[in-house]
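In full-length UniProt numbering, the protein residues as written are 1 to 322. Glycine included, C-beta positions come from ideal geometry on N, C-alpha and C.
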Amino acid sequence: MASSDRPVKRADGRYDNVDFTKATGYRYPPVKCSWNRRETLLFANAIGCQADERHFLYELHPNFAIFPTFPVNLHWKQTDFDVYDFFARGTTSDVPGVPPFDGQRSVDGERSIEILKQLPVSSEGYDFEIHNKVIGVYDKGGAMILEAESEMIDMKTNTVYVKIASTAFGIGQGGYGGPRGPSKPSPKIPNRSPDATHVFKTTAETPLLYRLCGDYNPMHADEDFGRKAGFKGSINHGLLTWNIAARGLLRVVGNSDPKRFKAFGARFKSVVYPGDELETRIWKVGSKDGCDEYLFETIVKGDGRVALSNGFAKIKQEGAKL
Numbered sequence: 001m002a003s004s005d006r007p008v009k010r011a012d013g014r015y016d017n018v019d020f021t022k023a024t025g026y027r028y029p030p031v032k033c034s035w036n037r038r039e040t041l042l043f044a045n046a047i048g049c050q051a052d053e054r055h056f057l058y059e060l061h062p063n064f065a066i067f068p069t070f071p072v073n074l075h076w077k078q079t080d081f082d083v084y085d086f087f088a089r090g091t092t093s094d095v096p097g098v099p100p101f102d103g104q105r106s107v108d109g110e111r112s113i114e115i116l117k118q119l120p121v122s123s124e125g126y127d128f129e130i131h132n133k134v135i136g137v138y139d140k141g142g143a144m145i146l147e148a149e150s151e152m153i154d155m156k157t158n159t160v161y162v163k164i165a166s167t168a169f170g171i172g173q174g175g176y177g178g179p180r181g182p183s184k185p186s187p188k189i190p191n192r193s194p195d196a197t198h199v200f201k202t203t204a205e206t207p208l209l210y211r212l213c214g215d216y217n218p219m220h221a222d223e224d225f226g227r228k229a230g231f232k233g234s235i236n237h238g239l240l241t242w243n244i245a246a247r248g249l250l251r252v253v254g255n256s257d258p259k260r261f262k263a264f265g266a267r268f269k270s271v272v273y274p275g276d277e278l279e280t281r282i283w284k285v286g287s288k289d290g291c292d293e294y295l296f297e298t299i300v301k302g303d304g305r306v307a308l309s310n311g312f313a314k315i316k317q318e319g320a321k322l
C-alpha cells in the first residue's frame, strides 16, 4: 500500500488521512486453507447434526459428506490444526484509506454463502485458496462497516467452489465522515404461520465445542471477557447460531441432503447466550431454476428476541438437474 493511502495514527488514538472510498475493490493477499476428515466430523457435531444424519458424522458412511457451510471459518483457521491468536489474525491493517480494523471491537453484521461445487471431505490432494476483496467500507458514525466478498478456489484446476459475502461492524471505529453505504431492501416475511420450524437447545458447552472449528475468539469461552465487553458473560458465536439455522433448515426442507444446499444467508440481530433455545421459522416463498426459495428468521424461545433476521435460502428441488 502506498504511503499516501495509509492512515496515520494520532496521539488521541484516532487517525488522519482516512478515505474509505480508497478501499473499494482492494484485494487481500490470497490465504491458503486446508482441513482433514476429522475437522469435517467435528464441525458436523458442533452445529448439532444428529445420529440420523450420520452421513455428516461417520467417515465410513457410503454417503459421507461435508456440511455445506463448513468453509465459513476457514479464513480464520487457514491451514492451522492447532489454536492460534484470534485477535492477531483478526486485525486488518492493509486496506487503503482505512484505519486498522480492530477484531476486539468488531461484530459480524451479515453472512451469506453460495455453493458452486460441493467441497471434498478433506482438502488432501487439492490446493485451496481464499481470495477476498473489499466491496466497500462505510461510516455509520459510531461504527465502521466493512463489506467483503470471497471466493474459495482450488488453484490446481482454477475451480471456484464457494462464494461468501460478509459485513463486519467495527464498533467505535467510524466517525470519519465517510460514505454511509447503500440501503438494501429487507425481504418481507409472509404474514402467515411458518411452513416449517426447527428447534435447537444450546448448552453451556455448545460454543466451547464450536470454537474448535477454528473461531477462537475468547468472547465465546471466557466469562470475564464477555462481561468486560458489556454482556452478562460469554456469548455464543454469531456464526454458531447461523450454522445451527443452516443445518436445521436443510434438515426440515432438504432432507439433510448436502447436494441440495445452494445458498444461505442472514443478518446477525441479537446476542445469543449458552443455554438459549433457538427456533428457526421457515417460509417457502417461491421456486426458480430448479430451486425452492425460502425466507427464515431465528428467534430465542422464551423472550422472543430475534437472533437472525433477513434469512434466505435456496434448496435444490429433489430430482432437479442443475
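Check                                                                                                                : Outcome
Environment of Val72 [buried if 16+ CB atoms lie within 10 Å]                                                        : buried
Residue(s) in a DSSP beta bridge with Cys291                                                                         : Lys288 and Lys316
Complete runs of the alpha helix (DSSP H) confined to the UniProt domain "MaoC-like" (189-295) [at least 4 residues] : 206-210, 223-228 and 238-254
DSSP state of residue 331 mapped onto helix, strand, coil                                                            : Summary: the structure shown does not reach residue 331, with the chain confined to residues 1 through 322, and so no result is reported for it.
Straight-line gap, Phe101 to Lys156 (C-alpha atoms, nearest Å)                                                       : 32 Å
Candidates Gly290, Leu308 and Tyr273: closest to Pro227 by CA position                                               : Here residue 227 turns out to be Arg, not Pro, going by the sequence shown. Closest option to Arg227, Cα to Cα, is Tyr273.
Among Gln173, Glu39 and Phe264, the one whose alpha carbon lies nearest that of Pro7                                 : Gln173
Distance CB(Ala263)-CB(Leu308) smaller than 7 Å                                                                      : no
Rounded distance between the beta-carbons of Tyr26 and Lys133, thought under 8 Å                                     : 7 Å
For Arg111: DSSP bridge partner residues                                                                             : Ser166 and Ala266
Contact belief for Asp139 with Tyr176 at Cβ below 8 Å, rounded distance in angstroms                                 : 6 Å
Phe81 burial status per 10 Å Cβ neighbour count (16 or more: buried)                                                 : exposed
Where Pro68 falls, given that 16 or more other Cβ within 10 Å makes a residue buried                                 : buried
Bounding residues of the beta strand (DSSP E) (the contiguous stretch that carries Phe81)                            : It is not in any beta strand (DSSP E) - Phe81 carries neither H nor E in the DSSP assignment.
Cα-Cα separation, Gln104 to His55                                                                                    : 37 Å
Buried versus exposed, by CB contacts within 10 Å (16 or more), Asp292                                               : buried
Cβ-Cβ distance between Tyr161 and Leu212 below 7 Å                                                                   : no
Spatially closest choice to Asn63 from Gly275, Pro29, Ser256 and Ser166, by CA coordinates                           : Ser256
Option nearest Leu278 by Cα separation, candidates Gly290, Gly238 and Val253                                         : Gly238
Three-state secondary structure assigned by DSSP to Leu308                                                           : strand
Beta carbon of Lys284 nearer than 7 Å to that of Asp154                                                              : no
Pro187 versus Phe312: straight-line alpha-carbon distance, rounded                                                   : 8 Å
Between the CA atoms of Val98 and Gly275 - distance to the nearest angstrom                                          : 38 Å
Own chain, CB closer than 6 Å to Ser122, minus 5 neighbours either side, in chain order                              : Asn36 and Arg37
Arg27 - DSSP class collapsed to helix/strand/coil                                                                    : strand
Top-ranked residue by Cα proximity to Leu146, from Asn45, Glu129 and Pro182                                          : Pro182
Buried versus exposed, by CB contacts within 10 Å (16 or more), Val83                                                : exposed
Beta-bridge partners of Glu129, as assigned by DSSP                                                                  : Lys32 and Ile153
Euclidean distance between Cα positions of Gly141 and Val107                                                         : 16 Å
N- and C-terminal bounds of the alpha helix (DSSP H) containing Phe43                                                : Arg37 to Ala46
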